[in-house]
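**Q** First, the structure itself, so that you have it in front of you.
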């Protein structure tokens with residue numbers, strides 16, 4: 107249908123030109139042709155003019171397009187959106203790394219198709235975790251699966267806003283002012299479509315979110331198969347530079363990683379899948395009464411509990427599964443820690459049984475949990491400190507009691 111209108115446009119422009127209209131501005135010719143067509147065809151005739159380029163920022167007051175039904179979080183303020191109906195991009199599925207040539211994501215998925223970018227500013231009394239969960243729920247309803255997640259701790263040592271803007275916007279078409287800082291970035295995938303959601307700090311007391319969507323076709327599935335291969339290895343210790351993957355890549359053929367995977371973490375780090383032997387002669391949480399001031403919270407309820415919490419809250423992410431060898435001593439140690447500092451903070455414990463269930467849990471990925479146990483500290487719902495792995499009470503005190 108569009109081809110018919112294009113040919114008709116050409117015919118009308120020629121007719122106008124033959125009447126001596128070449129002296130006019132070319133866009134005026136197109137405008138005249140458009141007027142004639144709209145008189146004949148109604149409001150459904152496509153309009154071509156020089157006012158709004160297809161591959162540029164749309165006016166701030168333009169009707170907001172919500173790709174994949176990703177409606178804004180309540181009370182958010184939309185910034186100027188970006189839209190390109192046909193673009194060629196590389197969607198990162200790993201943490202950007204600095205190179206002599208600039209920021210590069212070691213794993214990325216080349217795609218071409220429609221690109222929408224939405225940016226929002228959120229109020230200071232909103233919860234970035236709930237904003238993140240808002241989009242995670244909408245994407246799950248649309249059949250998307252999580253393939254990569256990176257939280258504030260994952261970004262340690264890099265300028266996250268600059269890094270993500272460099273890999274998402276190599277042609278500098280987006281407003282870098284609204285890229286979130288100290289953020290959680292997640293990449294979602296479904297057949298021939300990908301979405302990146304970033305939520306984090308903006309300014310001194312507010313938050314911002316970035317919604318980057320691509321719908322078209324995947325040009326090369328190699329990166330996705332590499333991520334799947336990385337997940338299938340005995341240790342997921344490579345999660346910083348090689349993305350954790352959900353079952354979104356299950357349909358791709360097996361492939362070998364392009365470079366060696368990281369070695370398993372040493373015993374001082376969180377338990378990993380290869381470490382399956384049950385510990386011997388280790389005091390477990392079942393050997394004594396758990397501290398009475400520790401609230402046991404289901405993982406699915408944790409974001410809401412933390413978002414509404416006041417003051418200092420320290421959370422242990424762990425398991426009661428005997429196969430989680432580093433969880434066994436961490437559980438009673440957390441009891442001792444909570445008892446010793448009962449007047450200084452509130453304490454929560456969330457667990458997965460079997461312990462490997464945390465790997466595919468969106469709540470675990472939200473908080474950047476790459477192994478168990480992990481100790482996280484929150485003040486008024488905001489993450490302020492963490493200790494990954496089985497640690498001494500003294501180390502927990504230094505890192506979490508702020």
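In our numbering, the protein residues as written are 107 to 508. Where a beta carbon is used, it is the ideal one built from N, C-alpha and C, also for glycine.
1. With respect to the alpha helix (DSSP H) encompassing residue 424, which residues constitute its N-terminal and C-terminal limits?
2. Quick one, are the C-beta atoms of residue 275 and residue 307 less than 7 Å apart?
3. Could you check what DSSP says for residue 429 in three-state terms: helix, strand or coil?
4. Check the C-beta distance from residue 302 over to residue 197 and give it rounded, since I have them as a contact under 8 Å.
5. If you pair each beta-carbon of the stretch 409-426 with each one of the stretch 479-493, do three or more pairs fall below 8 Å?
6. Between the Cα of residue 186 and those of 211, 225, 177, 292, spot the shortest distance and give me the residue it belongs to.
7. Would you give the residue range spanned by the alpha helix (DSSP H) that residue 238 belongs to?
8. Alpha carbon to alpha carbon, how far is residue 256 from residue 474?
9. Measure the alpha-carbon distance for residue 342 versus residue 330 and round it to whole angstroms.
10. Counting only runs that start and end within the stretch 169-225, where is the beta strand (DSSP E) found for 3 or more residues in a row?
11. Going by C-alpha distance, which of 464, 277, 317 is nearest residue 177?
12. Take residue 426 as the anchor and find which of 175, 295, 461, 280 has the nearest alpha-carbon.
13. Please confirm whether residue 290 and residue 305 have their CB atoms less than 7 Å apart.
14. In whole angstroms, what is the alpha-carbon distance linking residue 191 and residue 321?
15. In terms of alpha-carbon separation, which member of 175, 299, 204, 441 lies closest to residue 195?
16. Are there 16 or more other CB atoms within 10 angstroms of the CB of residue 431, so buried, or fewer, so exposed?
17. Tell me the rounded alpha-carbon separation between residue 463 and residue 469.
18. Judging by CA-CA distance, which residue of 433, 448, 450 is the nearest neighbour of residue 456?
19. In terms of residues, what are the limits of the beta strand (DSSP E) holding residue 270?
20. How many Å lie between residue 435 and residue 428 at the Cα?
21. State the start and end residues of the unbroken beta strand (DSSP E) segment that holds residue 321.
22. I need the straight-line Cα distance from residue 492 to residue 207, nearest angstrom please.
23. Assuming contact is defined by CB atoms lying nearer than 7 Å, are residue 294 and residue 228 in contact in what I supplied?
24. With 16 other CB atoms within 10 Å as the buried threshold, where does residue 449 fall?
25. From the DSSP output, which residues share a beta bridge with residue 507?
26. Give me the Cα-Cα distance between residue 184 and residue 238, rounded to the nearest whole angstrom.
27. Can you give me the C-alpha to C-alpha distance between residue 451 and residue 439, rounded to a whole angstrom?
28. Round the Cβ separation of residue 453 and residue 400 to the nearest angstrom and send it over; I've been treating them as touching at under 8 Å.
29. Hey, would you say residue 326 sits closer than 7 Å to residue 216, going by beta carbons?
30. Classify residue 502: buried if its beta carbon has 16 or more other beta carbons within 10 angstroms, exposed otherwise.
31. Measure the beta-carbon distance from residue 188 to residue 279 and round it to whole angstroms, keeping in mind my assumption that it falls under 8 Å.
32. Taking the alpha carbon of residue 447 as the reference point, which residue from 415, 406, 182, 398 has its own alpha carbon closest?
33. Do you know how far the Cα of residue 506 is from the Cα of residue 369?
34. Using only the alpha-carbon positions, how far apart do residue 240 and residue 205 sit?
35. If we require 3 or more residues per run, which beta strand (DSSP E) segments fall completely within the stretch 476-507?
**A** Result, derived from the coordinates:
1. Stepping through the chain shown from its first residue, residue 424 is reached at position 318. Where residue 424 is concerned, there is no enclosing alpha helix (DSSP H), although the beta strand (DSSP E) it sits in stretches over 418-424.
2. As a working note, residue 275 is residue 169 in the chain shown. As a working note, residue 307 is residue 201 in the chain shown. The answer is no: Cβ separation not under 7 Å.
3. As a first step, residue 429 must be located in the chain shown, where it is residue number 323. Secondary structure of residue 429 (DSSP, three-state): coil.
4. As a first step, residue 302 is located in the chain shown; it is residue number 196 there, counting from the start. As a first step, residue 197 is located in the chain shown; it is residue number 91 there, counting from the start. Your pair residue 302 and residue 197 checks out as a contact, with CB atoms roughly 7 Å apart and the cut at 8 Å.
5. Contact holds: three or more Cβ-Cβ distances are below 8 Å.
6. In the chain shown, counting from the first residue as 1, residue 186 sits at position 80. Here the closest residue by C-alpha is 225.
7. For this step, residue 238 is matched to residue 132 along the chain shown. Run containing residue 238: 234-247, per the alpha helix (DSSP H) assignment.
8. Along the chain shown, read from residue 1 onward, the residue named residue 256 stands at position 150. Along the chain shown, read from residue 1 onward, the residue named residue 474 stands at position 368. Whole-angstrom Cα-Cα distance: 6 Å.
9. Numbered from its first residue, the chain shown carries residue 342 at position 236. Numbered from its first residue, the chain shown carries residue 330 at position 224. Low confidence applies to residue 342: its pLDDT is 36, below 50, so where it sits in the model is not reliable enough to give any reading.
10. As for any beta strand (DSSP E) of minimum length 3 sitting wholly inside the stretch 169-225, the runs are 188-198, 203-205, 208-210, ordered along the chain.
11. Numbered from 1 along the chain shown, position 71 holds the residue referred to as residue 177. For residue 177, the closest C-alpha among the options 464, 277, 317 is that of 317.
12. Along the chain shown, read from residue 1 onward, the residue named residue 426 stands at position 320. Ranking the options by Cα distance to residue 426, first place goes to 461.
13. For the purposes of this step, residue 290 is identified with residue 184 of the chain shown, where counting begins at 1. For the purposes of this step, residue 305 is identified with residue 199 of the chain shown, where counting begins at 1. Contact: yes.
14. Position 85 of the chain shown holds residue 191. Position 215 of the chain shown holds residue 321. Going by the C-alpha atoms only, they are around 9 Å apart.
15. Residue 195 sits at position 89 when you count from the first residue of the chain shown. Ranking the options by Cα distance to residue 195, first place goes to 299.
16. Looking up residue 431 in the chain shown gives position 325. Residue 431 should be labelled buried.
17. Numbered from its first residue, the chain shown carries residue 463 at position 357. Numbered from its first residue, the chain shown carries residue 469 at position 363. Cα-Cα distance, rounded: 11 Å.
18. The residue you call residue 456 lines up with position 350 of the chain shown. The shortest Cα separation from residue 456 among 433, 448, 450 belongs to 433.
19. For the purposes of this step, residue 270 is taken as the residue at position 164 of the chain shown. No beta strand (DSSP E) holds residue 270; the alpha helix (DSSP H) holding it covers 266-274.
20. The residue given as residue 435 occupies position 329 in the chain shown. The residue given as residue 428 occupies position 322 in the chain shown. So the alpha carbons of these two residues sit roughly 11 Å apart.
21. Here residue 321 corresponds to residue number 215 of the chain shown, with the count starting at 1. Residue range 312-324 is occupied by the beta strand (DSSP E) that includes residue 321.
22. Here residue 492 refers to the residue found at position 386 of the chain shown. Here residue 207 refers to the residue found at position 101 of the chain shown. Going by the C-alpha atoms only, they are around 33 Å apart.
23. Along the chain shown, one-based indexing puts residue 294 at 188. Along the chain shown, one-based indexing puts residue 228 at 122. In this structure, residue 228 does not lie closer than 7 Å to residue 294 by Cβ.
24. Here residue 449 corresponds to residue number 343 of the chain shown, with the count starting at 1. By the neighbour-count criterion, in which a residue is buried when 16 or more other Cβ atoms sit within 10 angstroms of its Cβ, residue 449 is exposed.
25. Residue 507 sits at position 401 when you count from the first residue of the chain shown. Partner residues in a beta bridge of residue 507, as assigned by DSSP, do not exist.
26. If you number the chain shown from 1, residue 184 lands on position 78. If you number the chain shown from 1, residue 238 lands on position 132. Whole-angstrom Cα-Cα distance: 16 Å.
27. What you label residue 451 is simply residue 345 of the chain shown in a count that begins at 1. What you label residue 439 is simply residue 333 of the chain shown in a count that begins at 1. Approximately 16 Å between the Cα atoms of the pair.
28. Here residue 453 is taken as the residue at index 347 of the chain shown, counted from 1. Here residue 400 is taken as the residue at index 294 of the chain shown, counted from 1. That belief holds up - the Cβ atoms of residue 453 and residue 400 are roughly 5 Å apart, short of 8 Å.
29. Position 220 of the chain shown, counted from the first residue, corresponds to residue 326. Position 110 of the chain shown, counted from the first residue, corresponds to residue 216. Cβ distance < 7 Å, so residue 326 and residue 216 count as in contact.
30. The residue labelled residue 502 in the question sits at position 396 within the chain shown. Of the other Cβ atoms in all chains shown, 16 or more fall within 10 Å of the Cβ of residue 502; this residue is therefore buried.
31. Taking the first residue of the chain shown as position 1, residue 188 is located at position 82. Taking the first residue of the chain shown as position 1, residue 279 is located at position 173. That belief holds up - the Cβ atoms of residue 188 and residue 279 are roughly 6 Å apart, short of 8 Å.
32. Position 341 of the chain shown, counting from 1, holds the residue named residue 447. The residue with the shortest Cα to Cα distance from residue 447 is 398.
33. As a working note, residue 369 is residue 263 in the chain shown. As a working note, residue 506 is residue 400 in the chain shown. The predicted position of residue 369 is uncertain, since its pLDDT is 39 and thus under 50; a value taken from the coordinates is nonetheless stated next. Our two residues, residue 369 and residue 506, have alpha carbons roughly 28 Å apart in a direct line.
34. Residue mapping note: residue 240 aligns to position 134 of the chain shown, counting from 1. Residue mapping note: residue 205 aligns to position 99 of the chain shown, counting from 1. Residue 240 and residue 205: Cα-Cα distance of roughly 34 Å.
35. Counting only runs of 3 or more, we get 480-485, 488-494.
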